[in-house]
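In the numbering used here, the protein residues as written are 14 to 591.
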């Protein structure tokens with residue numbers, strides 16, 4: 014017997030029968046779609062013969078799956094070219110078209126209803142996180158799919174039905190191909206916003222399917238083996254180890270008796286052991302070959318479900334342990350950490366309101382409601398041009414410009430927000446400290462914000478803050494690596510930082526921390542400019558006095574400082590009174 018034959022026999026023996034049965038069911042469902050009105054059960058015998066012939070002829074598992082996909086796609090093209098029917102009378106053709114339309118509706122109705130139900134919130138969140146352009150693209154796709162759903166006869170709450178589609182089989186086949194391409198992608202974006210747990214489950218299912226590819230499995234298996242060798246670990250990547258871990262995961266948790274602390278401890282330890290087994294099972298599963306993985310279908314999803322279940326149970330049963338775990342200072346206030354600089358995002362106060370008002374359906378806009386920039390202008394149309402209502406502001410016009418003294422209203426507000434005004438003949442800036450973790454500097458020409466880690470010299474010079482106005486011989490742009498070197502750390506308790514799930518010293522993670530601080534500074538700059546933009550929009554600078562502009566810009570600065578203090582102090586900031 015040749016080596017190829019031996020290798021072929023080996024891979025067939027390692028394939029679980031449950032995996033082949035799943036392939037048969039999938040093939041039967043595909044074959045049923047080619048003949049409208051047919052069911053998967055009626056095609057099961059044909060699917061079994063189809064799968065068995067390919068299984069015997071294939072040279073490897075990858076070849077087996079590749080041949081199945083190739084032949085199914087070839088059948089799809091054949092039926093699409095023929096329109097799914099032969100030359101028959103018109104009544105029979107129409108009946109098959111209606112049956113095919115019903116099959117499309119049954120396949121996609123649940124997904125289309127979900128998209129229609131949660132589209133508005135998904136668009137709103139996308140606009141806030143990714144910008145107007147991506148939100149518009151998502152909204153256009155959602156509106157298009159909602160329209161198709163109504164035309165297919167899908168009932169959507171709050172939507173009036175539309176006339177049914179009346180097209181031939183060729184069009185319906187093309188429509189199904191289009192839905193195959195776009196529905197899952199759009200739904201994935203909506204689910205990511207609406208239900209993070211469901212999104213995680215679906216992504217794990219997708220990853221599980223990708224891991225059945227031999228090339229992917231071999232790469233991951235080698236990486237895990239190399240990591241185990243580097244750590245001198247005895248981690249076993251075998252099916253026997255996987256079965257053992259699956260058994261440990263499914264051990265029942267003992268129900269504790271009331272007022273029996275020992276029982277509660279045993280139950281908690283049991284849940285922790287199941288969580289440990291789940292995490293090890295994920296690693297072991299990823300280290301199996303593609304053929305071995307077929308014996309443990311859906312393992313990633315099962316492990317994730319057990320982890321989630323036991324974490325929630327532990328949190329519920331022992332919630333009293335988590336009440337006061339947050340580090341607090343001597344006054345009982347939460348201690349601000351360096352990672353708060355990027356984990357707590359600054360948000361302009363009026364953005365949510367404006368974006369919610371903007372999220373209207375295009376189909377509901379009448380001629381009277383059409384935006385002014387899309388209507389023909391008349392002499393009676395005196396609306397403000399779009400450029401005036403959405404002006405970008407990148408520099409203060411009057412406030413703290415060179416040679417100008419701060420107005421009397423500003424000094425008391427700086428005291429309340431524990432801020433320092435640093436000025437010289439050419440540059441003025443405002444500095445705010447957040448414990449011993451980080452500092453923020455606000456510049457006005459141009460409007461910029463820098464967030465940097467605190468260093469020993471700065472902390473010693475300004476903590477506690479006594480003088481509101483401090484003179485400096487010259488202001489230099491602070492380095493992104495300020496306070497991240499070993500000799501610049503202000504407190505040993507804050508020397509360790511958690512970034513993207515990795516915990517280490519500031520010096521070790523300095524490049525990553527610097528990049529995070531750069532992003533945080535950019536977001537803070539965006540919010541500052543939004544505050545100052547409110548002093549310009551809808552107004553003409555020629556009609557305003559410098560004093561009026563300065564008053565408005567001072568109010569914008571105060572608003573920004575309120576947002577900053579409220580965000581980084583969890584809404585518990587109390588103004589400092591004299």
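Just so you know, even glycine gets a beta-carbon here, dropped at the ideal spot from N, CA and C.
| query | result |
| --- | --- |
| Cβ-based neighbour list, residue 138, same chain, cut-off 8 Å, excluding 5 preceding and 5 following | 206 |
| Cβ pair residue 250, residue 237 closer than 9 Å | yes |
| Residue 25 versus residue 303: straight-line alpha-carbon distance, rounded | 12 Å |
| Contiguous alpha helix (DSSP H) assignments of at least 4 residues, all confined to the region 25-103 | 30-47, 57-70, 74-95 |
| C-beta contact flag for residue 453 and residue 587 at 9 Å | no |
| Segment contact flag, the region 80-94 with the region 301-321, C-beta cutoff 8 Å, min 3 pairs | no |
| Anticipated Cβ contact below 8 Å, residue 357 with residue 581, distance rounded | 6 Å |
| Residue 259 - containing alpha helix (DSSP H), residue span | 252-262 |
| Where residue 414 falls: helix, strand or coil (DSSP) | coil |
| Delimiting residues of the alpha helix (DSSP H) encompassing residue 162 | 145-164 |
| Beta bridge counterpart(s) of residue 464 as assigned by DSSP | 453 |
| Buried versus exposed, by CB contacts within 10 Å (16 or more), residue 264 | exposed |
| Contact set for residue 565: own chain, Cβ-Cβ below 7 Å, skip 5 residues either direction | 548 |
| Three-state class that DSSP yields for residue 113 in the structure shown | helix |
| Proximity of residue 218 and residue 301 at Cβ, strictly below 9 Å | no |
| Inter-stretch contact at 8 Å, needing at least 3 Cβ pairs: the region 51-58 / the region 283-295 | no |
| Alpha carbon of residue 241 to alpha carbon of residue 34, nearest angstrom | 35 Å |
| Segment contact, 8 Å Cβ cut-off, at least three pairs: the region 105-124 with the region 134-149 | no |
| DSSP state of residue 309 mapped onto helix, strand, coil | coil |
| Buried or exposed by the 16-neighbour rule on C-beta atoms within 10 Å, applied to residue 445 | buried |
| Within 9 Å, strictly: CB atoms of residue 443 and residue 432 | yes |
| Beta bridge counterpart(s) of residue 447 as assigned by DSSP | 451 |
| Whole-angstrom distance between residue 459 and residue 546, CA atom to CA atom | 13 Å |
| Through-space distance from residue 495 to residue 472, alpha-carbon basis | Confidence at residue 472 is low in this model, with a pLDDT of 47, below 50, so the placement of that residue should be treated as unreliable; the coordinate-derived value is given next. Those two C-alpha atoms are separated by around 12 Å. |
| DSSP three-state assignment for residue 171, whether helix, strand or coil | coil |
| Any non-hydrogen atom of the ligand COA within 8 Å of residue 311 CB | The ligand COA is not among the ligands present in this structure, which contains no ligands whatsoever. |
| Reduced DSSP secondary structure (H/G/I, E/B, other) of residue 584 | coil |
| Residue from 350, 448, 267, 560 whose Cα sits closest to the Cα of residue 410 | 560 |
| Reduced DSSP category for residue 139 - H, G, I as helix; E, B as strand; rest coil | helix |
| Close-in-space but distant-in-sequence residues of the same chain around residue 199 (CB under 8 Å, 5 per side omitted) | 128, 151, 154, 155, 158 |
| C-beta contact flag for residue 414 and residue 441 at 9 Å | yes |
| Alpha-carbon spacing of residue 585 relative to residue 149, whole angstroms | 36 Å |
| Where residue 540 sits in the DSSP three-state scheme | helix |
| Between the CA atoms of residue 166 and residue 40 - distance to the nearest angstrom | 27 Å |
| Endpoints, the alpha helix (DSSP H) within which residue 193 is located | 182-207 |
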